[in-house]
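A.B. asks:
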Amino acid sequence: MKEHVEIQKQTTKFRNKKTSETINQIINYVLLTVLALAFAFPFLWMIATALKTPSEVYTIPPKLIPSTITWDNFTEGWQYADFTRYTWNTLVVTTLAVLGTVFSAAIVAYGFARFNSRLSGFLFAIVLGTMMLPNQILLIPTYILFSKIGWIDTLKPLIVPSFFGGGAFNIFLLRQFFKTIPKELDQAAIIDGANSFQIFYKIMLPAVRPAMITVAVLSIAFHWNDFLNPLIYLNSDHNFTLAIGLQFFQNSYGSSQIQMLMAVALITVIPLLILFLIGQRYFVQGITMSGIKG
Amino acid sequence: MRKLTTLFVAIMMILLFTVACSSDDGNNNNASSSDNTDANTENTETISGEITIMGWGGGNELQARKDATDVFRELYPDVKVNEIWLPADSVDQKLDAALAAGDAADVIMMSPDWKGLRSQWLEDLTPYLERDNIDPEEVFTPGADEGYVTPDGVREGLPTTQSTFMIAYNKNIFDDAGVPYPTEDWTWDDFAEIAKQLSSGSGADRTYGMVRHWIQNRFAPFFYGGKPYNEDWTQQHIDDPETIKALELIEDLIKAEALPDDAASESMPMDAMFVSQKAAMYPLGLFEAADLAEKIGDNFEWGVVLPPKDPNGKNVNIKFQTGFAMNKDSENKEAAWAYIKTVSMNKEVNDLYAKVGIPALKESADTTFAEMTIPNTDIKQVEYLRGLEDAEMAPWGGAINKATDIFEQLMEEITTQKSTAKEAVEKYAPLIQEALDEVHQ
Amino acid sequence: MKKKYSSMEKREARQFYMYISPWILGFFIFTLYPVVYSAILVFTDADRTGVGDFIGLQNIINIFQDPLFRKAMLNTFYFVAVSVPLSLLLSVLIAALLNKKNIKGMAIFRTAFYVPFITAGVAVTLLWGWIFNTHYGLLNYALGLFGVDPINWLSSETWAMPAIIIMMSWSIGNTIIITLAGLQDVPEQLYESAEIDGANGFVKFTRITLPMITPTLFFNLVIGVINGFQIFTQPYVLTEGGPNRATYTIMMYIYDSAFKFGEMGYASTMAWILFAIIMILTLIVNYTSKHWVYYE
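Chains as they are written, first to last, in our numbering: chain A, 1 to 294; chain B, 295 to 735; chain C, 736 to 1031.
Put into structure tokens, the structure is as follows:
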């Protein structure tokens, strides 16, 4: 009898745990859905606007769901400027710059995370310091520099600097992740006769894979949407990028072709979304592949 | 992993290769196009070499500028033209950088309210006009040319197009309120009266008398014959009684909710309120008339009328001008001059402009432009031409950007009802004077 | 022994310089000249093209007598003080949610948070105005459901800065992604052993998750401070610094000085003062990090 009660107690406890888990799970879903909708709302609004006719874009209060759906904005918008050419240029810049960023930032960050010298603290402060001086002030001298070496109106100013460390932000980010990897791993590898580059390539890189993906994801988004740098360094229409092209929907007096703008912006954003949708699972895969946590 | 790396390397090689090729492409294109034009052997001019032009804009306006450049190419086949056309509103930093680096374009788009004028960068075009025996007074549409000559007589550019304003009004709202449509002889007092009669409702259902357009701040000082500052930009006239009276009119309209306050207007695209019938009137620039008509569609009936008159019977209007100027450091000034002259005075070019603004050339304005109606409407473009006669040059901006900024603060205090017009003027007029003095040191 | 140690040290230093050499090269080629150029302008009355006379410390003296500089600085500090902790907190909470196991459609959820980051720009600007509109705005509509009276978000000096901060909080996608990557570094078996000890979710989060992601938090804090002080886009597109300068930030002043008023010397001086402030605060954060950041 006593035993029976004990068992019953345990099952209720188990059930309680199960129901509380279910409740937890429901809360998770609700929270995620509400927050995700809030964050994705502008995107949904973009879709709605892209499908609207000109007169409906301007209704007050704004309507989220268009009463008549038109696809003209996509076709007309795409022909408004040379968007095919801009897409190609953006693709070239983004691919090369991101490759440069990911690899060179990893190498430099590894240096800062694992090796010491008298100046390492000071040099790292300079790395961070380059983020603290407002870009606006550096814009003109940087232009002068690129102008002197004949890079104006080429894609080089948008690509080449990425190969030299990939920017302070990325160096700092990867350094933080390298630092979380136990030093014992390096030492074990050294005993096995590995040199520092082998450690970097075979142990460190796989271990920080989520961070590497993060750097890639963030810099893809940055280069894809970057407006200021292409605007400053590019002159000819056949060199322009998408971010510049989208601005052409705005005329000199502040009014704009909103619905076409949204349609083209949507087309240009979708590849990034798909890329992210595929790439996000590597955030999780990082741990299982690294094999250092077990 | 190795496969991935190989793939990456392969992609990189392909991309690098195409980057290298595409820059070659550009050169080839240019070379072949100049070959083509060489075939047109009508070299009436001996001007040759290479120039770079820089301008900005969007839509039809930008297209007209590109077409104008093609006309120039036909006329001067030996000149190689590099074109830099940028989106509107994003030129400041780029042009500053290019000027600092000494590789700015030979010909630069320039408006009188833009900061390029009265600087040390631009070539005086008077000698060129004299040399070619051109009298601007004869050639240009009256009022088109004014903004480009400084009080010292230095000519810093030639005009291409201008735009003025009409007041668009929603006939349905007028009918519902039982207010007769405005006529050309109305004054700003009439306007205020009408605006108040037309507003009704509250909160989200409020209908306002007029939209708050960004042009309003530029119009304001002129309502009662006042002005923001004197001819040579040395003395502010904000604290003149006429100007204060005009600013008080704005204050009054905001208080009466005939004009939307900041909250209701700033967060919406300005034309949205008119298009969705939340405001009865709209200051309609020529540059946006066709777009607005398309947005309104068949939703309601509307008309246009010249803006109200000041007490002296002068139609209060603002004109925006766009033209081109020559970089003082240009290495091919002959070709640069030829370009400026062509896009400013050539008949074919000006006929192209007729679709996007009032052409600078009198002949085109009086014929091609005046005969057209605004697309999607039955509004005759000649109405805008009539507005040009009395129109004031768009005040503020350019060399006096700092004073402009202070004036905007002044207006903001009035429109957010932080201060009365009088208080705001007392506070800011001396600061505006200070900023003007700084420019003329 | 001592000699051997120092040769090891030398070897380590050599490797250090070898690995960071791309950055050093890049610094000398692309960064050094612009930085020195702008530093020199501090002591000149340079115009928009960088041409001007030497005027000594006059710019610095002028700045400390400039009420607009003071106003812009105060606004910027206000923004940083509220938005940095807020976005840190939000990003940790959201990242923790996105790191949950056994959630169907996680890919979609994660992507939703990434969306703001890639749809930035013109498209979004137009939308935010509408969200904050007093009469027709979405936010006031939502608040109205809870009985809150309409707020004059953009035309009230009190509410404009909160509006900017709300808009900023929406674009923390990158911080969320970074935190999410940080969460992946927390070894699963730590949770398992904690569960055996009977720890509940809250204890697991505060005792395991938080300490384990302090390197990421440290990163987000430093970057938050650096970027927070340079807040520009949101007030520039949403309020243009208004109403009555209530959201006018130091970066907007630097931009206006340089490109609107053509006072590059003055703008450079403000930029370097901003640099000094950010640097000092970063050093302070870095100093405290010894006490709360755990590297393995």
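Beta carbons: idealized from backbone N, C-alpha and C, even for Gly.
Note that the structure is a prediction, hence the values are computed from the model and not measured.
So Pro563(B) packs on Tyr58(A), CB below 8 angstroms; how close in whole Å?
C.D. replies: The pair is a contact, with the Cβ atoms about 7 angstroms apart (cut-off 8 angstroms).
A.B. asks: What first and last residue would you give for the alpha helix (DSSP H) that runs through Pro230(A)?
C.D. replies: Leu228 to Tyr233 is the extent of the alpha helix (DSSP H) around Pro230(A).
A.B. asks: By Cβ distance below 6 angstroms, which residues in the same chain neighbour Glu432(B) in space, the five residues on each side in sequence not counted?
C.D. replies: Taken in chain order, the list of residues that qualify is empty.
A.B. asks: Going along chain B, which residues have a C-beta under 8 angstroms from Tyr58(A)?
C.D. replies: Per Cβ cutoff of 8 angstroms: Pro563, Asp565, Ala566, Val569, Ser570 and Lys589.
A.B. asks: Mind checking if Gly352(B) is an interface residue toward chain D, Cβ cutoff 9 angstroms exclusive?
C.D. replies: Checking the listed chains, one finds no chain D in this structure; the protein chains it contains are A, B and C.
A.B. asks: Taking the alpha-carbon positions, what's the Ala221(A) to Leu416(B) distance?
C.D. replies: Roughly 40 angstroms between the two C-alpha positions.
A.B. asks: Please compile the residues from chain B whose C-beta is within a distance smaller than 7 angstroms of the C-beta of Pro897(C).
C.D. replies: Within 7 angstroms Cβ-Cβ: nothing; Pro897(C) doesn't reach chain B, min ~14 angstroms.
A.B. asks: Step through the CB atoms of chain C and report whether any lies within less than 9 angstroms of the CB of Asn695(B).
C.D. replies: So, interface residue.
A.B. asks: What did DSSP end up calling Tyr502(B) once you bin it into helix, strand or coil?
C.D. replies: The answer is strand: DSSP assigns Tyr502(B) an E or B state.
A.B. asks: In chain B, which residues lie with their C-beta within 7 angstroms of the C-beta of Phe881(C)?
C.D. replies: Simply none; closest approach about 18 angstroms.
A.B. asks: Nearest to Asp383(B) by alpha carbon, out of Thr241(A), Ile203(A), Leu31(A) and Gln250(A)?
C.D. replies: The residue with the shortest Cα to Cα distance from Asp383(B) is Gln250(A).
A.B. asks: Verify whether the separation of the beta carbon atoms of Ala654(B) and Thr435(B) is less than 9 angstroms.
C.D. replies: Against a cut-off of 9 angstroms, the Cβ pair of Thr435(B) and Ala654(B) comes out as a contact.
A.B. asks: On the three-state DSSP scale, how would you describe Met808(C)?
C.D. replies: Helix, per DSSP.
A.B. asks: Exposed or buried, which one is His223(A) when buried takes at least 16 other CB atoms within 10 Å?
C.D. replies: Per the 10 Å Cβ criterion, buried.
A.B. asks: Given that a residue counts as buried once 16 or more other Cβ atoms are within 10 Å of its Cβ, and exposed if not, what is Arg114(A)?
C.D. replies: When all chains shown are included, Arg114(A) counts as buried.
A.B. asks: The alpha helix (DSSP H) spanning Gly681(B) covers which residue range?
C.D. replies: Element bounds for Gly681(B): Val676 to Asp684.
A.B. asks: Of the choices Val373(B), Lys608(B) and Ala574(B), whose alpha-carbon is the least far from that of Ser494(B)?
C.D. replies: Answer by Cα proximity: Ala574(B).
A.B. asks: Could you check how far apart the C-beta atoms of Gln120(A) and Phe164(A) are, in whole angstroms? I think they sit under 8 angstroms.
C.D. replies: For clarity, residue 120(A) is Ser in the given sequence; the question names Gln instead. Contact doesn't hold; Cβ gap of about 18 angstroms is too wide.
A.B. asks: For Ile274(A), report the span of its alpha helix (DSSP H) as first-last.
C.D. replies: That run of the alpha helix (DSSP H) goes Ile258 to Gly279.
A.B. asks: Helix or strand or just coil, what does DSSP make of Glu744(C)?
C.D. replies: In the structure shown, Glu744(C) sits in a helix (DSSP, three-state: H, G or I).
A.B. asks: Output the boundary residues of the beta strand (DSSP E) element that contains Lys351(B).
C.D. replies: Going by the sequence as given, residue 351(B) is Gly instead of Lys. From DSSP, Gly351(B) is part of no beta strand (DSSP E); its letter is neither H nor E.
A.B. asks: Taking only beta carbons into account, state which residues of the segment 367-395 of chain B come closer than 8 angstroms to chain C, listed in chain order.
C.D. replies: Listed in sequence order: Asp386, Gln387, Asp390, Leu393 and Ala394.
A.B. asks: What does the alpha-carbon distance come out to for the pair Ser196(A) and Gly864(C)?
C.D. replies: When rounded, the distance between both Cα atoms is 53 angstroms.
A.B. asks: Can you have a look at Ser20(A) and say buried or exposed, based on whether 16 or more other CB atoms are within 10 angstroms of its CB?
C.D. replies: The residue in question, Ser20(A), is exposed, as its Cβ has fewer than 16 Cβ neighbours within 10 Å.
A.B. asks: By Cβ distance, which residues of its chain are closer than 8 angstroms to Gly579(B), with the 5 residues on each side in sequence left out?
C.D. replies: For Gly579(B), where only same-chain residues beyond five positions count, the Cβ hits under 8 angstroms are Ser457, Thr458, Phe459, Ile509 and Phe614.
A.B. asks: Identify the contact partners of Asp300(A) in chain B, using a Cβ-Cβ distance below 8 angstroms as the criterion.
C.D. replies: Missing from the structure shown is residue 300(A); chain A here goes from 1 to 294 and no further.
A.B. asks: How many Å lie between Lys156(A) and Tyr143(A) at the Cα?
C.D. replies: Their Cα atoms are separated by approximately 12 angstroms.
A.B. asks: Relative to the alpha-carbon of Pro897(C), which residue among Arg942(C), Pro970(C), Thr941(C) and Val1020(C) has its alpha-carbon at the smallest distance?
C.D. replies: If we check each option's Cα against that of Pro897(C), Pro970(C) comes out closest.
A.B. asks: Mind checking which residues open and close the beta strand (DSSP E) that includes Trp596(B)?
C.D. replies: Unbroken beta strand (DSSP E) run through Trp596(B): Trp596 to Val599.
A.B. asks: Within its chain, find whatever has a CB closer than 8 angstroms to the CB of Lys465(B); leave out the 5 residues flanking it on each side and keep chain order.
C.D. replies: Once the five neighbours on either side are set aside, the close Cβ partners of Lys465(B) are Tyr475, Phe594, Glu595, Trp596 and Gly597.
A.B. asks: Per DSSP, which one or two residues make a beta bridge with Ile652(B)?
C.D. replies: Note: Ile652(B) sits in a beta bridge opposite Gln456(B).
A.B. asks: Taking Trp905(C) as the query, report the chain A residues whose CB atoms sit under 7 angstroms from its CB, ordered along the chain.
C.D. replies: Per Cβ cutoff of 7 angstroms: Phe39.
A.B. asks: Any Cβ of chain B within less than 9 angstroms of the Cβ of Ser236(A)?
C.D. replies: For Ser236(A), the answer is yes, since a Cβ of chain B falls inside 9 angstroms of its Cβ.
A.B. asks: On the DSSP letters alone, give me the boundaries of the alpha helix (DSSP H) that Leu889(C) sits inside.
C.D. replies: Leu889(C) -> no alpha helix (DSSP H), and no H or E assigned at all.
A.B. asks: Which value, in whole angstroms, describes the spacing of the CA atoms of Val505(B) and Asn511(B)?
C.D. replies: Each residue's Cα considered, the two are about 12 angstroms apart.
A.B. asks: Does the beta carbon of Gln250(A) sit closer than 9 angstroms to a beta carbon anywhere in chain B?
C.D. replies: With 9 angstroms as the cut-off, Gln250(A) counts as an interface residue toward chain B.
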